[in-house]
Amino acid sequence: MSGEAGRALSQRRGGAAALEKHSEQIIGRPPMTIFSVRHITSYRYVREVDFGEHRLMFRPRDSFDQRLIEASLTTYPEESHVRWIHDVFGNCVALVDISRPSAELRFETWITLDHTPQVALDLKVDEEALIYPFSYDKDEIADLTPAMQRHYPDPNDEVGRWARQFLRLGRPTETGHLLMTLCYAIRESFVYARRQEHGTQTPVQTLQLRSGTCRDFALLMMEAARVLGLAARFVTGYVYVPDRDGSTVLGGGSTHAWCQIYLPGAGWAEFDPTNGIVGNRDLIRVAVARDPRQAVPLSGSYDGDGKDFDSMTVQVNVTTRQSG
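Residues in the sequence shown are numbered from 1 upward in steps of one, following the UniProt record's numbering.
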């Protein structure tokens with residue numbers, strides 16, 4: 001088998017029966033889908049407050065598998081100025097100034113995009129990277145190094161021991177099998193729990209609690225991959241929740257998070273440990289980052305103290321139709 005041909009990572013979700021059923025669904029799915037996303041975030045305060053600059057990540061990254069058709073942003077109170085920038089990772093970021101004080105602040109975004117599903121069956125890995133461990137190309141290693149370095153303390157090697165248990169002792173470990181096992185282990189062994197508090201649990205906390213949000217699970221898989229010497233990065237975006245086969249898709253109704261692992265020949269491959277998804281199926285990428293703290297969908301400030309804040313609500317609705 002040549003390095004160019006590589007080998008396709010096979011996809012499975014909870015056993016052979018689930019794989020067979022899922023494969024039938026992928027084969028029957030149109031090659032391109034149009035997704036529409038409506039995202040509303042509302043803040044309420046006990047009195048009128050002044051607002052500082054707010055930073056929004058909602059505009060998806062254009063790529064071969066997703067193409068932005070339309071995007072819009074409205075605010076209440078109305079914005080006085082919107083400035084767009086690219087951050088250090090090339091993500092589109094809107095910097096918004098609010099025109100006047102208010103007891104309510106609301107951001108509403110709409111996006112429409114073409115989306116081409118790329119499942120694990122499409123991920124061709126170079127021959128030299130089929131078996132773990134492998135080395136990255138010397139021309140890529142300088143750019144990948146920050147994504148390979150661990151970012152969170154693990155004094156008792158809990159994350160390290162957890163990640164290494166998936167290596168096959170005494171026989172070769174296939175890279176695809178290793179990463180899919182990591183992904184599915186989180187899906188099957190951890191409890192998804194929405195959390196109102198801001199921020200992300202450390203990987204050690206997630207291991208100890210055996211529960212977390214999609215951001216927590218993405219970070220755990222990232223750090224586990226980094227333990228194994230692989231480059232990993234964080235992805236924030238949206239997930240489409242279809243009525244497909246009765247299985248539960250987690251993370252809908254809000255923003256979603258997953259991770260990417262860099263594989264020679266396949267590039268940045270998508271892994272959603274919250275749902276056990278390998279490939280971009282039903283996933284809409286908005287931003288990528290080395291760490292979750294660099295990819296917060298919405299952040300900003302107001303002039304007041306903690307007693308002025310009343311509540312926050314988030315509503316995300318993802319709909320779809322066939323393209324063409």
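Where is the CB? At the ideal position from N, CA and C, for every residue including glycine. Every value quoted in this text rests on a predicted model; they were computed, and no experiment measured them.
**Message:** From the DSSP secondary-structure annotation, give me the bridge partner or partners of GLY237.
**Reply:** By 1-based counting over the sequence shown, the position of residue 237 is 237. Partner(s): HIS256, ARG285.
**Prompt:** According to DSSP, which residues form a beta bridge with LEU144?
**Reply:** The residue you call residue 144 lines up with position 144 of the sequence shown. Paired residue(s): none; LEU144 is not in a bridge.
**Neighbour-count burial assignment, GLU158, 16 or more Cβ in a 10 Å radius** = On the sequence shown, position 158 is the one that residue 158 refers to. Here GLU158 is exposed: its Cβ has fewer than 16 other Cβ atoms, across all protein chains shown, within 10 Å.
**Prompt:** Span of the alpha helix (DSSP H) holding residue 327?
**Reply:** Past the boundaries of the shown model lies residue 327; the chain is included only from 1 to 324, so the question cannot be answered.
**Asked** Closest by CA to MET222, which one among ARG281, PRO146, GLY265?
**Response** Locating residue 222 in the sequence shown gives position 222, where the first residue counts as 1. Nearest of ARG281, PRO146, GLY265 to MET222, Cα basis: PRO146.
**Asked** What are the boundary residues of the beta strand (DSSP E) that includes SER42?
**Response** Counting from one through the sequence shown, the residue named residue 42 turns up at place 42. Following the DSSP letters along the chain, one finds SER42 inside the beta strand (DSSP E) bounded by residues 33-51.
**Asked** How about the segment 35-55 and the segment 107-114: do they share at least three Cβ pairs that are nearer than 8 Å?
**Response** Cβ pair count under 8 Å is three or more, so yes.
**Request:** Can you grab the Cα-Cα spacing for the pair LEU263 / SER99, in whole Å?
**Result:** For the purposes of this step, residue 263 is taken as the residue at position 263 of the sequence shown. For the purposes of this step, residue 99 is taken as the residue at position 99 of the sequence shown. LEU263 and SER99: Cα-Cα distance of roughly 46 Å.
**Item:** Three-state secondary structure assigned by DSSP to GLN294
**Value:** Against the sequence shown, residue 294 aligns to sequence position 294. Shown here, GLN294 sits in a helix according to DSSP, grouped into three states.
**Asked** Where GLN205 and ALA142 are concerned, what is the direct C-alpha to C-alpha distance, given to the nearest angstrom?
**Response** Within the sequence shown, numbered from 1, the residue matching residue 205 stands at position 205. Within the sequence shown, numbered from 1, the residue matching residue 142 stands at position 142. When rounded, the distance between both Cα atoms is 30 Å.
**Message:** With a threshold of 7 Å on Cβ separation, who are the neighbours of ASP310 within its own chain once the five nearest residues in sequence on each side are excluded?
**Reply:** On the sequence shown, residue 310 is found 310 positions in, with the first residue counted as 1. Counting only Cβ-Cβ distances below 7 Å, and skipping sequence neighbours, we find ARG44, TYR45, VAL46.
**Message:** Using the three-state DSSP reduction, which class does GLU70 fall into: helix, strand or coil?
**Reply:** The residue you call residue 70 lines up with position 70 of the sequence shown. Shown here, GLU70 sits in a strand according to DSSP, grouped into three states.
**Request:** May I ask you to report which of helix, strand or coil DSSP gives GLU181?
**Result:** In the sequence shown, the residue the question calls residue 181 occupies position 181. Just to set this straight, residue 181 is Thr in the shown sequence, not Glu. Residue state for THR181 is assigned as helix, using DSSP reduced to three classes.
**Message:** Can you tell me where the alpha helix (DSSP H) holding ALA163 begins and where it ends?
**Reply:** The count along the sequence shown starts at 1 and reaches residue 163 at position 163. Residue range 158-164 is occupied by the alpha helix (DSSP H) that includes ALA163.
**Request:** Counting only the same chain and skipping the five closest in sequence on each side, list residues whose C-beta sits under 7 Å from that of ARG67.
**Result:** Along the sequence shown, one-based indexing puts residue 67 at 67. For ARG67, where only same-chain residues beyond five positions count, the Cβ hits under 7 Å are LEU113, ASP114.
**Asked** Using the rule of at least 16 other Cβ atoms within 10 Å of the residue's Cβ for burial, across every protein chain shown, is ARG244 buried or exposed?
**Response** Your numbering for residue 244 matches position 244 in the sequence shown. Since pLDDT at ARG244 reaches only 46, below the 50 mark, its modelled position is unreliable, and the value read off the structure follows with that caveat. Result: exposed.
**Residues bridged to ASN91 (per DSSP)** = Sequence index remark: in the sequence shown, residue 91 carries index 91 (1-based). Beta-bridge pairing links ASN91 to no other residue.
**Message:** Whether or not the segment 235-244 and the segment 283-303 are in contact is what I'm after, with contact meaning three or more pairs of Cβ atoms, one per stretch, closer than 8 Å; do they touch?
**Reply:** Result yes; three or more Cβ-Cβ pairs closer than 8 Å.
**Proximity winner among LEU219, ASP272, VAL241, VAL316, relative to GLN294 (alpha-carbon distances)** = As a working mapping, residue 294 is identified with position 294 in the sequence shown. Ranking the options by Cα distance to GLN294, first place goes to LEU219.
**Reference THR41, options ARG321, THR313, ARG210, PRO101, closest by Cα** = In the sequence shown, residue 41 corresponds to position 41, counting from 1. Nearest option by C-alpha distance: THR313.
**Request:** In the DSSP assignment, find the unbroken beta strand (DSSP E) run with THR109 in it and report its ends.
**Result:** As a first step, residue 109 must be located in the sequence shown, where it is residue number 109. For THR109, the enclosing beta strand (DSSP E) has its first and last residue at 102-115.
**Request:** Compute the Euclidean distance between the alpha carbons of ARG171 and PRO133, then round it to the nearest angstrom.
**Result:** Locating residue 171 in the sequence shown gives position 171, counting from the first residue. Locating residue 133 in the sequence shown gives position 133, counting from the first residue. Their Cα atoms are separated by approximately 12 Å.
**Asked** How close, in whole Å, do the beta carbons of TYR152 and LEU144 come, if the pair is a contact with beta carbons under 8 Å?
**Response** Position 152 of the sequence shown, counting from 1, holds the residue named residue 152. Position 144 of the sequence shown, counting from 1, holds the residue named residue 144. For a cut-off of 8 Å, the C-beta gap from TYR152 to LEU144 is around 19 Å, too long to register as a contact.
**Prompt:** Mapping DSSP to helix, strand and coil, what is ALA232?
**Reply:** To locate residue 232, count along the sequence shown from 1; it is residue 232. In this structure, ALA232 counts as strand in the three-state DSSP scheme.
**Boundaries (first-last residue) of the alpha helix (DSSP H) holding VAL204** = By one-based count along the sequence shown, residue 204 stands at place 204. Taken as a continuous stretch (DSSP letters only), the alpha helix (DSSP H) holding VAL204 covers 203-209.
**Prompt:** When DSSP labels each residue in this structure, what does ASP62 get in the three-state scheme?
**Reply:** Your numbering for residue 62 matches position 62 in the sequence shown. Looking at ASP62 - three-state DSSP - the assignment turns out to be coil, as it is neither helix nor strand.
**Request:** Give me the Cα-Cα distance between PRO203 and ASP62, rounded to the nearest whole angstrom.
**Result:** Locating residue 203 in the sequence shown gives position 203, counting from the first residue. Locating residue 62 in the sequence shown gives position 62, counting from the first residue. For PRO203 and ASP62, the distance between alpha carbons rounds to 30 Å.
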